[in-house]
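In what follows, a single structure is set out as structure tokens and then discussed.
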């Protein structure tokens, strides 16, 4: 699919001529221009995915998951976000923000413009011409995008964003997150009304990268998005009425293929692959699998799921090293073939290059390689990159329902919903594998192993007495299945305190400031494997810092925040 070729043409709608940087969120009124709806839709959807996922700067993809996957301890990097150190100058934060709001081409990347500008023009043109299904999709993209930006940054420009052409607003104010959320629900309702309208002369089809123009699936997504947002705010308002109505209405995402996922392909030129797959052909690899995440899935964690090995491991991670093989350089964390580094490490081996030895993304998160133990050094040909970006899936909906039932906001059986959610999480792995495996021989994961795992997790759930303790099981399972997109996991942790994350300052996790890798984990050296010094000098960030690309030039922007004391409105 030549998606990026199409996106290049979308720049017809964009004009330059305003102040450089984030303030370019406005069109030049002296140079009106239009683009076809199909190009606008494709550009908007690709832009949303680029803002949410992993980063591949060469493609213009600079996503928030690049930072948030570290903050939820799925990935470890040797960059600012280690030890929660991302500031307003952090590359991915700045660029995700400016790419979301910008109304002109990103410097040096003529194939990409701001998502919001594409959406606004899409809605305006579609509404003016009576193409209501296009307008409805645009409104949902806008609602989803702003919900994620509020969840990440707290307060953001909304009411005055991209209003220069229409209202002369060059420097937009920052709206309160709570005020923005209140406007998202009627925006979603307006989108549903548009999508329920009769077909127009022009209908979305292949230009719709999410649902191929299937308006029924878009309506299911719209209702599921409302359910998600109500769950997000359940600690600050009573949501029992609307969530009960949504669930009883039965028009939610209800099967794997209905998930809100941008389906990447395997095309190299123009590049159509999942941006996270760029790790496979990068000159220097940077994404280490978090040992905390890995150990929970292996059943090593002494507090949760102890002794329960997750069958998804070979789908999630790929070991370039063999079980007994020597590594490229001395390792910091090793468990047989698995090689990584610790979050917050100050150890001597932290910065040693392991490009050819480290464990990398597998098939499920980015379309990489399924691990059969062949231990090859990965290249661009080691996978397809065709794994979708999973933004809101059927599994997510089931976990949300389980949480709402557990909290008493929805009638039902939380245990059964959790069981269904775990089963669906495994079906989702098979769904992604079928899209992304290419020529690889990948076994089906749904079966006895998955069933036994689910039953073991339900046994843990049954052993928990309080609703809070049961919630930990629900949210931790949701966190595991979300690998590849970390926006909602970041929100879940701040809302619920789960999953429990690695804390270098916790003496039960790092006694005396040292983390202990598996004692017998390094077969090339005499045991025990050496302890690793770890440190954490910052509190957990309750929101992301505002990007310098805006606050340094926008007189209506607030002063820079302290992320550790600036929560999102729903975080109580």
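Numbering (UniProt numbering), first residue to last: 1 to 572.
Even glycine gets a Cβ: it sits at the ideal position worked out from N, Cα and C.
Query, Result
"Under 8 Å by Cβ, that's how I've got residue 84 and residue 518 pegged, so tell me the actual separation to the nearest angstrom.", "Actually they do not touch by this definition, with Cβ atoms about 26 Å apart."
"At 4 residues or longer, what runs of the alpha helix (DSSP H) sit wholly inside the stretch 437–493?", "448–462, 467–481"
"Tell me, which residues are paired with residue 339 by DSSP?", "334"
"Do residue 213 and the ligand SAM come close, with the Cβ less than 7 Å from some heavy atom?", "The ligand SAM is absent from the structure shown, which contains no ligands of any kind."
"Would you call the stretch 34–49 and the stretch 308–323 in contact, with 3 or more CB pairs under 8 Å?", "no"
"Bridge partners for residue 75 per DSSP, in chain order?", "289"
"Can you tell me whether residue 222 is buried or exposed? The criterion is at least 16 other CB atoms within 10 Å of its CB, across all chains shown.", "buried"
"Classify residue 321: buried if its beta carbon has 16 or more other beta carbons within 10 angstroms, exposed otherwise.", "buried"
"Just the Cα atoms here: how many angstroms apart are residue 76 and residue 342?", "7 Å"
"Report the rounded CA-to-CA distance for residue 409 versus residue 296, giving the unit in angstroms.", "29 Å"
"Under three-state DSSP, which class holds residue 318?", "strand"
"With a cut-off of 8 Å, do at least 3 Cβ pairs link the stretch 269–283 to the stretch 377–391?", "yes"
"What is the DSSP secondary structure of residue 170, counted as helix, strand or coil?", "coil"
"I'd like the span of the alpha helix (DSSP H) that includes residue 132, first residue to last.", "132–153"
"Closest to residue 137 by CA distance: which of 371, 475, 210 is it?", "210"
"Is DSSP giving residue 115 helix, strand or coil here?", "helix"
"Compare the Cα-Cα distances from residue 90 to each of 63, 208, 216, 284 and report the closest residue.", "63"
"For residue 389, report the span of its beta strand (DSSP E) as first-last.", "389–392"
"By DSSP, does residue 246 sit in helix, in strand, or in coil?", "helix"
"In chain order, which continuous runs of the alpha helix (DSSP H) of length 4 or greater are located wholly inside the stretch 519–572?", "548–551"
"What do you get for residue 362, buried or exposed, if any count of 16 or more other CB atoms within 10 angstroms of its CB means buried?", "buried"
"Whole angstroms is fine: what's the gap from residue 72's alpha carbon to residue 284's?", "23 Å"
"Return the chain-ordered list of same chain residues with a C-beta closer than 7 Å to the C-beta of residue 395, the five sequence neighbours on each side being excluded.", "421, 424, 425, 428, 481"
"Which residue spans inside the stretch 166–228 form an unbroken beta strand (DSSP E) run of at least 3?", "none"
"Report the partner residues of residue 260 according to the DSSP bridge assignment.", "392"
"Classify residue 277 as helix, strand or coil using the three-state DSSP reduction.", "helix"
"Given a cut-off of 8 Å, decide if residue 498 and residue 524 are closer than it, judged by their beta-carbon atoms.", "no"
"For residue 56, which residues does DSSP report across the bridge?", "61"
"Determine the DSSP secondary structure at residue 47, reduced to helix, strand or coil.", "helix"
"Where does residue 98 sit, in a helix, a strand or coil, going by DSSP?", "helix"
"Count the other CB atoms, across all protein chains shown, that sit within 10 Å of the CB of residue 369; report buried if there are 16 or more and exposed otherwise.", "buried"
"Taking all protein chains shown into account, decide if residue 574 is buried (16 or more other Cβ within 10 angstroms of its Cβ) or exposed.", "Any property of residue 574 remains undetermined from this structure, which presents the chain solely from 1 to 572."
"For residue 536, which residues of its own chain have a beta-carbon under 6 Å away from its beta-carbon, when the five flanking residues on both sides are left out?", "83, 344, 504, 505"
"Taking only beta-carbon positions, decide if residue 295 is within less than 8 Å of chain C.", "This model lacks chain C altogether; it includes just one protein chain."
"Determine the burial state of residue 413: buried for a count of at least 16 other Cβ atoms within 10 Å of its Cβ, exposed for fewer.", "exposed"
"Which residue marks the beginning of the alpha helix (DSSP H) containing residue 366, and which one marks its end?", "363–366"
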